[in-house]
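Peer 1: Below you'll find the structure I mean.
2 protein chains.
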Amino acid sequence: MARVATGESVLSRAVRILAVFGPDERALRVSDIAARTGLHVATASRLVAEMVQLGLLGREDDRRVRVGVRLWELASRASPTLSLREAAMPFLEDLHAVVGHHAQLGVRDGTDVLFVERLSAPGAVVNYTRIAGRLPLHASSSGLVLLAHAPHELQERVLAAPLARFTPHTICTPSRLRRTLADVRRTGHASCPGFIHEQALGVAVPITDGTRAVVAAVSVIVPNDPTDDQATRAVVPALRAAARGISRTLSR
Amino acid sequence: MARVATGESVLSRAVRILAVFGPDERALRVSDIAARTGLHVATASRLVAEMVQLGLLGREDDRRVRVGVRLWELASRASPTLSLREAAMPFLEDLHAVVGHHAQLGVRDGTDVLFVERLSAPGAVVNYTRIAGRLPLHASSSGLVLLAHAPHELQERVLAAPLARFTPHTICTPSRLRRTLADVRRTGHASCPGFIHEQALGVAVPITDGTRAVVAAVSVIVPNDPTDDQATRAVVPALRAAARGISRTLSR
DNA sequence: ACCCGATTCTCATTCATCGAGAGGGATTCA
DNA sequence: TGAATCCCTCTCGATGAATGAGAATCGGGT
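Order-wise, the sequence lines are chains A and B.
Position one of the first sequence corresponds to residue 266 (my numbering), numbered consecutively onward.
Position one of the second sequence corresponds to residue 266 (my numbering), numbered consecutively onward.
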């Protein structure tokens, strides 16, 4: 039977297949994939079979498929995220030991911050961040740091878009976001009490490379105590020390 | 002009493009990619442009392209390697603190061990292992553990293939490999003095999931001192403790 | 400013890919 | 245990997404 003209490439279809997997759905059947992507089941079956053969997907025993180990390898071994993470790791571990709770490393991707590393402790405060997870730039401390030092065009684009609200404390007006970005540039850090979760305070500072360009943010998530107005001030020195160490390593 | 019938799919070509990037070559030009893959430069240019658009690749400022952050995200967020790594991380950190040098986490992929995590210390003994790097099963302590507990068919396949030699100590005969695998199953650990590098001793134990299947190996690399025949015995208890903790976490 | 290599664009051609439908296997339910 | 249903794969005719040749454009070096 004649193929249907959609103008969509095979590559685009394969990426959409990969995109249906997530931390909450790590294995899916072919019929699920077809349903989620809108692909014909015969097409989905054939593409899945080829992706399995290439290592992009792997088959489980119960007819479901999952993301393949080879894909992780191809994506990681030459990835800027891995080299950044390797440079950052010793400093992130130190930061984590000092501050406890969560220590995180994020990079900008489009209008989001993507977390490439997160160290957590048992009993740490609630944290919605996941490794390989995203948050909008305006709503997280890492995101605000990355946005404050982003090209002007990107800042305008974020300011022009709807600003999603997670809690009553999340920034959701352009004017407040402009003021916050100016503060971040002036003080060199971002502090976000209750932006994503009422009980969590996020604090982040920028990481620069050898050309002083901001390439990532390092942050911690600690308990948000509205009666403690010194909590941010307490963690900033350790964040800055970690950031300096990471930047130094990146500059070699 | 008419396309040339090679029988090769677009997906296969895209994977071959991704495969040319490695830890030693993280950014390449389109003409390099065409040369390495044998693709026509117009085809390489077009595929690269599309992969950039999809986030599988990213453009650098100097006409070179690198692996894209979105690819890392798709590969990681639902990856069994990431969930294994997250389960293992606290125990790996403890192991690393106790043993020093290197602590590693590996999974089997085909006839190789793929390292999904590696913690290293400043001044640690030489280690050729890289995160997202591979070693043949027969030549590394992690690999021997994974092979010893692999399906019989895979063991026969490895035994039938040429066994690559890295140092004079590397296992390179089938009979010696059979004996070693039997020892690994009997003792519950693998010890590899000087297999990959003369000065490095690798020791590994298996990690099981809830069904007692061996799903990964945890290992350490410490200095290889031929006059110290107790080095392996010294690290095995800490390795076993880490493996038990990881297995327990995986079984929830 | 010029040259050259690298890259992209255009376009005729075609084969890799598609979807419909059939067939077989797996799962579920009575 | 058998029937019904669902899931998945395979085949094949149709075709448009993809290719490669050559021209055009761009970027870097001198």
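All C-beta atoms in this analysis are idealised placements derived from N, C-alpha and C, irrespective of residue type, glycine included.
Given this structure, state the Cα-to-Cα distance separating A/Ser407 from A/Ala415, to the nearest angstrom.
Peer 2: Locating residue 407 of chain A in the first sequence gives position 142, counting from the first residue. Locating residue 415 of chain A in the first sequence gives position 150, counting from the first residue. A/Ser407 and A/Ala415: Cα-Cα distance of roughly 12 Å.
Peer 1: Classify A/Phe460 as helix, strand or coil using the three-state DSSP reduction.
Peer 2: By one-based count along the first sequence, residue 460 of chain A stands at place 195. Residue state, collapsed to three classes: coil.
Peer 1: B/Phe286 touches chain A at which residues, Cβ-Cβ below 7 Å?
Peer 2: Mapped onto the second sequence, residue 286 of chain B falls at position 21. Per Cβ cutoff of 7 Å: Ala343.
Peer 1: Closer than 6 Å by C-beta to B/Gly320: which residues in its own chain qualify, once you throw out the five before and the five after it? Chain order, please.
Peer 2: For this step, residue 320 of chain B is matched to residue 55 along the second sequence. Gly333 and Arg335, listed in sequence order.
Peer 1: With a cut-off of 8 Å, does the C-beta of B/Ile486 fall near any C-beta of chain A?
Peer 2: The residue you call residue 486 of chain B lines up with position 221 of the second sequence. It does not: the Cβ of B/Ile486 has no partner Cβ on chain A nearer than 8 Å.
Peer 1: Along chain A, which residues have their Cβ under 8 Å away from the Cβ of B/Ala398?
Peer 2: By 1-based counting over the second sequence, the position of residue 398 of chain B is 133. A small correction: the amino acid at residue 398 of chain B is Gly; Ala does not occupy that position in the sequence shown. Per Cβ cutoff of 8 Å: Arg342.
Peer 1: Is A/Leu419 closer than 8 Å to A/Val381 when the C-beta atoms are compared?
Peer 2: The residue you call residue 381 of chain A lines up with position 116 of the first sequence. The residue you call residue 419 of chain A lines up with position 154 of the first sequence. Going by C-beta atoms, A/Val381 is not nearer than 8 Å to A/Leu419.
Peer 1: A/Ser277 versus chain B: which residues are under 7 Å apart at the beta carbon?
Peer 2: As a working mapping, residue 277 of chain A is identified with position 12 in the first sequence. In chain order: Leu319.
Peer 1: Please report whether the beta-carbon of A/Glu273 lies at a distance below 8 Å from any beta-carbon of chain B.
Peer 2: Counted from its first residue, the first sequence places residue 273 of chain A at position 8. Answer no: the Cβ-Cβ gap between A/Glu273 and chain B never drops below 8 Å.
Peer 1: For B/His361, which option in B/Val275, B/Gln495, B/Trp337 and B/Ala506 has the closest C-alpha, if you only look at C-alpha atoms?
Peer 2: By one-based count along the second sequence, residue 361 of chain B stands at place 96. When only C-alpha atoms are compared, the closest one is B/Ala506.
Peer 1: Tell whether a beta-carbon distance below 8 Å holds between A/Val500 and A/Val364.
Peer 2: Sequence index remark: in the first sequence, residue 500 of chain A carries index 235 (1-based). Sequence index remark: in the first sequence, residue 364 of chain A carries index 99 (1-based). Contact flag set, yes.
Peer 1: Which of the three DSSP states is assigned to B/Pro427 in this structure?
Peer 2: Counting from 1 along the second sequence, the entry for residue 427 of chain B is found at position 162. B/Pro427: coil per DSSP, three-state reduction.
Peer 1: Along the chain, where does the beta strand (DSSP E) that runs through B/Gln369 open and close?
Peer 2: Taking the second sequence and counting its residues from 1, the one referred to as residue 369 of chain B is at position 104. Element bounds for B/Gln369: His367 to Asp374.
Peer 1: Got a sec: is the Cβ-Cβ distance from B/Val378 to anything in chain A below 8 Å?
Peer 2: Along the second sequence, read from residue 1 onward, the residue named residue 378 of chain B stands at position 113. It does not; no Cβ of chain A falls within 8 Å.
Peer 1: Below 7 Å between beta carbons is the criterion; list the residues of the stretch 291-314 of chain B that meet it against any residue of chain A, in chain order.
Peer 2: Under the 7 Å Cβ criterion, the stretch 291-314 of chain B contributes Arg291.
Peer 1: Using 8 Å as the limit for Cβ to Cβ distance, is A/Asp326 near chain B?
Peer 2: Numbered from 1 along the first sequence, position 61 holds the residue referred to as residue 326 of chain A. False, the Cβ-Cβ gap to chain B never drops below 8 Å.
Peer 1: Give me the Cβ distance between A/Leu515 and A/Pro488, rounded to the nearest whole Å; I'm assuming they're in contact under 8 Å.
Peer 2: By one-based count along the first sequence, residue 515 of chain A stands at place 250. By one-based count along the first sequence, residue 488 of chain A stands at place 223. About 31 Å; that fails the 8 Å criterion.
Peer 1: Less than 8 Å between the C-beta atoms of A/Val449 and A/Leu409, yes or no?
Peer 2: As a position in the first sequence, residue 449 of chain A is number 184, starting the count at 1. As a position in the first sequence, residue 409 of chain A is number 144, starting the count at 1. Yes.
Peer 1: In chain order, what are the residue ranges of uninterrupted beta strand (DSSP E) at least 3 long that sit wholly in the stretch 381-416 of chain B?
Peer 2: The qualifying runs are 399-401.
Peer 1: Straight-line CA distance for A/Arg430 to A/Leu424?
Peer 2: Position 165 of the first sequence, counted from the first residue, corresponds to residue 430 of chain A. Position 159 of the first sequence, counted from the first residue, corresponds to residue 424 of chain A. Distance between the alpha carbons of A/Arg430 and A/Leu424: 14 Å.
Peer 1: Give a yes or no on contact between the stretch 303-311 of chain B and the stretch 312-332 of chain A, applying the rule of three or more CB pairs nearer than 8 Å.
Peer 2: Output reads no: the stretch 312-332 of chain A does not touch the stretch 303-311 of chain B.
Peer 1: Just how far apart, CA to CA, sit B/Ser529 and A/Arg399?
Peer 2: Missing from the structure shown is residue 529 of chain B; chain B here goes from 266 to 517 and no further.
Peer 1: Just by C-beta distance, which residues in the stretch 430-457 of chain A are closer than 9 Å to chain B?
Peer 2: Result list empty, no residue passes.
Peer 1: Taking a contact to mean a Cβ-Cβ separation below 8 Å, would you say A/Leu384 touches A/Arg329 in this structure?
Peer 2: Stepping through the first sequence from its first residue, residue 384 of chain A is reached at position 119. Stepping through the first sequence from its first residue, residue 329 of chain A is reached at position 64. In this structure, A/Arg329 does not lie closer than 8 Å to A/Leu384 by Cβ.
Peer 1: Any beta carbon from chain B within less than 8 Å of A/Glu338's own beta carbon?
Peer 2: Position 73 of the first sequence, counted from the start, is the residue given in the question as residue 338 of chain A. Output row for A/Glu338: interface = yes.
Peer 1: With burial defined as no fewer than 16 other Cβ atoms inside 10 Å of the residue's Cβ, what is the status of A/Ser405: buried or exposed?
Peer 2: Taking the first residue of the first sequence as 1, we reach residue 405 of chain A at position 140. Label assigned to A/Ser405: buried.
Peer 1: Buried or exposed: where does A/Val470 fall if 16 or more other Cβ atoms within 10 Å of its Cβ makes it buried?
Peer 2: The count along the first sequence starts at 1 and reaches residue 470 of chain A at position 205. A/Val470 comes out buried.
Peer 1: Can you give me the start and stop residues for the alpha helix (DSSP H) that B/Ile298 sits inside?
Peer 2: In the second sequence, counting from the first residue as 1, residue 298 of chain B sits at position 33. Val295 to Thr302 is the span of the alpha helix (DSSP H), which, as asked, contains B/Ile298.
Peer 1: First and last residue of the beta strand (DSSP E) that includes A/Arg331?
Peer 2: For the purposes of this step, residue 331 of chain A is taken as residue 66 along the first sequence, with counting starting at 1. From DSSP, the beta strand (DSSP E) with A/Arg331 extends over Arg329 to Val332.
Peer 1: Going by DSSP, name the residue or residues bridged to B/Ser516.
Peer 2: For the purposes of this step, residue 516 of chain B is identified with residue 251 of the second sequence, where counting begins at 1. BP columns for B/Ser516 are empty, so no partner.
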